[in-house]
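K.L.:
Input: one structure, supplied below.
Number of protein chains: 2
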Amino acid sequence: MYNLQSVVQRLEEEGLRITPSRLAVVAAVLDLSGHFSVDDILSQVPEVGRATVFRTMKLLSEMDVLCRVLLDDGSLRYRVSQRQDHHHHLVCVSCASVQELDACIDPEVLNELARTTGYEIEGHWLEFFGRCTACRSDSA
Amino acid sequence: MYNLQSVVQRLEEEGLRITPSRLAVVAAVLDLSGHFSVDDILSQVPEVGRATVFRTMKLLSEMDVLCRVLLDDGSLRYRVSQRQDHHHHLVCVSCASVQELDACIDPEVLNELARTTGYEIEGHWLEFFGRCTACRSDSA
DNA sequence: TAGATTATTGATACCAAGTATCAATTACAC
DNA sequence: GTGTAATTGATACTTGGTATCAATAATCTA
Ligand SMILES: [Mn+2]
Ligand SMILES: [Mn+2]
Ligand SMILES: [Zn+2]
Ligand SMILES: [Zn+2]
Numbered sequence: 000m001y002n003l004q005s006v007v008q009r010l011e012e013e014g015l016r017i018t019p020s021r022l023a024v025v026a027a028v029l030d031l032s033g034h035f036s037v038d039d040i041l042s043q044v045p046e047v048g049r050a051t052v053f054r055t056m057k058l059l060s061e062m063d064v065l066c067r068v069l070l071d072d073g074s075l076r077y078r079v080s081q082r083q084d085h086h087h088h089l090v091c092v093s094c095a096s097v098q099e100l101d102a103c104i105d106p107e108v109l110n111e112l113a114r115t116t117g118y119e120i121e122g123h124w125l126e127f128f129g130r131c132t133a134c135r136s137d138s139a
Numbered sequence: 000m001y002n003l004q005s006v007v008q009r010l011e012e013e014g015l016r017i018t019p020s021r022l023a024v025v026a027a028v029l030d031l032s033g034h035f036s037v038d039d040i041l042s043q044v045p046e047v048g049r050a051t052v053f054r055t056m057k058l059l060s061e062m063d064v065l066c067r068v069l070l071d072d073g074s075l076r077y078r079v080s081q082r083q084d085h086h087h088h089l090v091c092v093s094c095a096s097v098q099e100l101d102a103c104i105d106p107e108v109l110n111e112l113a114r115t116t117g118y119e120i121e122g123h124w125l126e127f128f129g130r131c132t133a134c135r136s137d138s139a
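Those protein sequence lines, which keep their order, are chains L and U. Each residue of the first sequence is one higher than the one before, counting from 0 in numbering that gives the first Met the number 0. Each residue of the second sequence is one higher than the one before, counting from 0 in numbering that gives the first Met the number 0.
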């Protein structure tokens with residue numbers, strides 16, 4: 000979906016400078032499928048400072064180039080986002096492949112929740128875990 | 000819901016030893032409402048080693064005395080659990096008060112998800128955020 | 001009630017994610 | 001080409017968490 004050029008364009012649109020460090024991080028990130036940790040990126044761009052890698056990951060997340068994927072143990076990974084709107088993930092616990100989902104909380108459920116609790120609902124986390132077709136046939 | 004005696008009994012039932020460190024952590028934990036961090040506990044039991052505090056928190060989580068609460072930024076907190084079955088949380092982003100919820104994913108949605116993705120669904124995270132009645136009237 | 005046994009402790013050293021600081025550098029607009 | 005503001009990266013710090021391991025102590029049993 001994204002390539003280096005399109006991300007560079009996005010950066011320029013945001014008024015951000017195109018630096019070798021940013022280009023290196025973006026290239027490293029675009030090279031990966033599934034989800035990855037900051038360390039995965041750090042080890043692929045040893046010439047870029049640690050803080051800059053973190054800063055760039057954060058930038059890219061805010062620009063919706065990356066999204067954060069919540070794993071079942073509560074840890075967070077990153078992934079190149081296929082879609083820029085609100086969505087959730089289904090993650091294979093065995094191979095890290097990720098599906099981005101249309102499914103969200105039923106608005107009726109949200110209303111009911113607000114009504115019964117008195118809370119004004121502002122947000123939610125919703126992430127699914129399972130085993131993908133490939134991984135299930137591997138272990139069969 | 001829980002008191003020191005009942006947790007001690009639970010520990011004994013699990014064949015675990017009753018030690019001063021464990022008692023101190025349990026007492027500190029039972030003293031708190033809402034959600035709390037490991038640091039909150041650490042600072043209340045400075046006489047107990049760091050590793051032991053972590054170990055005890057983990058134990059209590061596995062025994063369903065504590066549950067982990069996911070915040071909107073992706074960080075995890077702990078809380079004394081009111082219920083021992085599968086459940087989710089609604090957290091006030093302003094005062095840390097937590098509601099434990101009956102609401103869960105509609106089984107129909109899960110089936111649909113499994114069917115359309117080919118994944119075998121094994122688990123999920125579902126946590127809600129909002130502002131409780133008290134906090135909303137405070138800022139009004 | 002004294003051992004023996006085994007779980008538990010806590011000091012220490014790690015690891016990973018992330019932030020704060022700040023002087024040095026550099027991308028880019030003019 | 002130059003000025004300036006954005007960016008970098010070294011460093012140090014924070015928080016959550018795990019691994020190691022010798023020393024200690026809770027409990028079982030005789
Ligand atoms: Mn996504
Ligand atoms: Mn709970
Ligand atoms: Zn898989
Ligand atoms: Zn509140």
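For each residue, glycine too, the CB sits at the ideal point set by N, CA and C.
(1) Measure the alpha-carbon distance for residue 47 (chain U) versus residue 28 (chain U) and round it to whole angstroms.
(2) Please output, in chain order, the residues near ligand 2 using a CB cut-off of less than 5 Å to any non-hydrogen atom of the ligand.
(3) Between the beta-carbon of residue 23 (chain L) and the beta-carbon of residue 3 (chain L), is there less than 8 Å?
(4) With a cut-off of 8 Å on the beta carbons, I'd call residue 34 (chain L) and residue 90 (chain L) a contact; round off their distance for me.
(5) May I have the straight-line CA-CA distance separating residue 137 (chain L) from residue 111 (chain L), to the nearest angstrom?
(6) The stretch 84-102 of chain U: which residues have C-beta closer than 8 Å to a C-beta of chain L, in chain order?
(7) Can you determine whether any heavy atom of ligand 1 sits closer than 7 Å to the C-beta of residue 78 (chain L), and answer yes or no?
(8) Name, please, each residue of chain L whose Cβ falls closer than 9 Å to the Cβ of residue 121 (chain U).
(9) So what does DSSP say about residue 7 (chain U), is it helix, strand or coil?
(10) Thinking just about the alpha-carbon of each residue, which of L:73, L:66, L:64, L:67 is nearest to the one in residue 68 (chain U)?
(11) To the nearest whole angstrom, what separates the beta carbons of residue 9 (chain L) and residue 64 (chain L), a pair I think is in contact under 8 Å?
(12) At a cut-off of 7 Å, is residue 88 (chain L) close to ligand 5 when judged by its beta-carbon and the heavy atoms of the ligand?
(13) Using the beta-carbon of each residue, find all residues closer than 7 Å to any heavy atom of ligand 3 and list them in chain order.
(14) Whole angstroms is fine: what's the gap from residue 59 (chain U)'s alpha carbon to residue 126 (chain L)'s?
(15) Are the beta-carbon atoms belonging to residue 104 (chain U) and residue 113 (chain U) less than 8 Å from one another?
(16) Thinking residue 122 (chain L) and residue 128 (chain U) are a contact (beta carbons under 8 Å), I'd like their distance in whole angstroms, please.
(17) Confirm, please, whether the CB-CB distance from residue 100 (chain L) to residue 86 (chain L) is below 8 Å.
(18) Hey, which unbroken runs of the alpha helix (DSSP H) at 4 residues or more fall wholly within the stretch 18-86 of chain L?
(19) Who are the near neighbours of residue 52 (chain U) in its chain, counting only those whose CB is closer than 7 Å to its CB and skipping five residues on each side?
(20) Could you work out which residues of chain L lie near residue 33 (chain U), taking near to mean beta carbons separated by less than 7 Å?
(21) Can you list, in chain order, the residues of its chain with a C-beta nearer than 8 Å to that of residue 17 (chain L)? Leave out the 5 residues immediately preceding and following it.
(22) From residue 102 (chain L) to residue 118 (chain U), what distance separates their C-alpha atoms?
(23) Whole angstroms is fine: what's the gap from residue 124 (chain L)'s alpha carbon to residue 49 (chain L)'s?
(24) May I ask you to report which of helix, strand or coil DSSP gives residue 15 (chain U)?
(25) Contact defined as beta carbons within less than 8 Å: I believe residue 98 (chain U) pairs with residue 88 (chain U). What is the distance between those atoms, to the nearest angstrom?
(26) Do residue 94 (chain U) and residue 134 (chain U) come within 8 Å of each other at the CB atom, strictly closer than that value?
(27) How would you label residue 132 (chain U), buried or exposed, when you count the other beta carbons within 10 angstroms and need 16 or more for buried?
P.N.:
This is what the structure holds:
(1) As a working mapping, residue 47 (chain U) is identified with position 48 in the second sequence. As a working mapping, residue 28 (chain U) is identified with position 29 in the second sequence. If you take the alpha carbons of residue 47 (chain U) and residue 28 (chain U), they lie about 13 Å apart.
(2) U:66, U:80, U:99
(3) Translated into positions along the first sequence, residue 23 (chain L) becomes position 24. Translated into positions along the first sequence, residue 3 (chain L) becomes position 4. Contact: no.
(4) As a position in the first sequence, residue 34 (chain L) is number 35, starting the count at 1. As a position in the first sequence, residue 90 (chain L) is number 91, starting the count at 1. Rounded, the Cβ-Cβ distance is 7 Å, consistent with contact.
(5) As a working note, residue 137 (chain L) is residue 138 in the first sequence. As a working note, residue 111 (chain L) is residue 112 in the first sequence. If I take the Cα positions, the gap works out to 42 Å.
(6) 89, 91, 92, 98, 100, 102
(7) Residue 78 (chain L) sits at position 79 when you count from the first residue of the first sequence. Yes.
(8) Stepping through the second sequence from its first residue, residue 121 (chain U) is reached at position 122. 71, 92, 127, 128, 129, 130, listed in chain order.
(9) One-based indexing of the second sequence puts residue 7 (chain U) at position 8. Three-state DSSP puts residue 7 (chain U) in a helix.
(10) Numbered from its first residue, the second sequence carries residue 68 (chain U) at position 69. Closest by alpha carbon: L:73.
(11) By one-based count along the first sequence, residue 9 (chain L) stands at place 10. By one-based count along the first sequence, residue 64 (chain L) stands at place 65. Residue 9 (chain L) to residue 64 (chain L), Cβ: 7 Å. Contact.
(12) No copy of ligand 5 occurs in the structure displayed; its ligands are ligand 1, ligand 2, ligand 3 and ligand 4 alone.
(13) L:91, L:93, L:94, L:96, L:130, L:131, L:133, L:134
(14) Within the second sequence, residue 59 (chain U) is the residue found at index 60, counting from 1. Within the first sequence, residue 126 (chain L) is the residue found at index 127, counting from 1. Straight-line Cα distance between these residues: approximately 25 Å.
(15) One-based indexing of the second sequence puts residue 104 (chain U) at position 105. One-based indexing of the second sequence puts residue 113 (chain U) at position 114. No, they are not a contact pair.
(16) To locate residue 122 (chain L), count along the first sequence from 1; it is residue 123. To locate residue 128 (chain U), count along the second sequence from 1; it is residue 129. Indeed they touch by this definition, with Cβ atoms about 5 Å apart.
(17) Taking the first residue of the first sequence as 1, we reach residue 86 (chain L) at position 87. Taking the first residue of the first sequence as 1, we reach residue 100 (chain L) at position 101. Going by C-beta atoms, residue 86 (chain L) is nearer than 8 Å to residue 100 (chain L).
(18) 19-29, 37-43, 49-61
(19) As a working mapping, residue 52 (chain U) is identified with position 53 in the second sequence. Excluding sequence neighbours, residue 52 (chain U) sits near 24, 37, 40, 41, 44.
(20) What you label residue 33 (chain U) is simply residue 34 of the second sequence in a count that begins at 1. Here the premise fails: no neighbours, minimum Cβ distance about 14 Å.
(21) Residue numbering aside, residue 17 (chain L) sits at position 18 when the first sequence is read from its first letter. The residues are 7, 10, 11.
(22) As a first step, residue 102 (chain L) must be located in the first sequence, where it is residue number 103. As a first step, residue 118 (chain U) must be located in the second sequence, where it is residue number 119. Cα-Cα distance, rounded: 15 Å.
(23) Taking the first sequence and counting its residues from 1, the one referred to as residue 124 (chain L) is at position 125. Taking the first sequence and counting its residues from 1, the one referred to as residue 49 (chain L) is at position 50. In a straight line, the C-alpha of residue 124 (chain L) is about 28 Å away from that of residue 49 (chain L).
(24) Locating residue 15 (chain U) in the second sequence gives position 16, counting from the first residue. In this structure, residue 15 (chain U) counts as coil in the three-state DSSP scheme.
(25) The residue labelled residue 98 (chain U) in the question sits at position 99 within the second sequence. The residue labelled residue 88 (chain U) in the question sits at position 89 within the second sequence. So it is a contact: roughly 7 Å between Cβ atoms.
(26) Indexing the second sequence from 1 puts residue 134 (chain U) at position 135. Indexing the second sequence from 1 puts residue 94 (chain U) at position 95. Cβ atoms of residue 134 (chain U) and residue 94 (chain U): closer than 8 Å.
(27) As a position in the second sequence, residue 132 (chain U) is number 133, starting the count at 1. Under this definition residue 132 (chain U) is an exposed residue.
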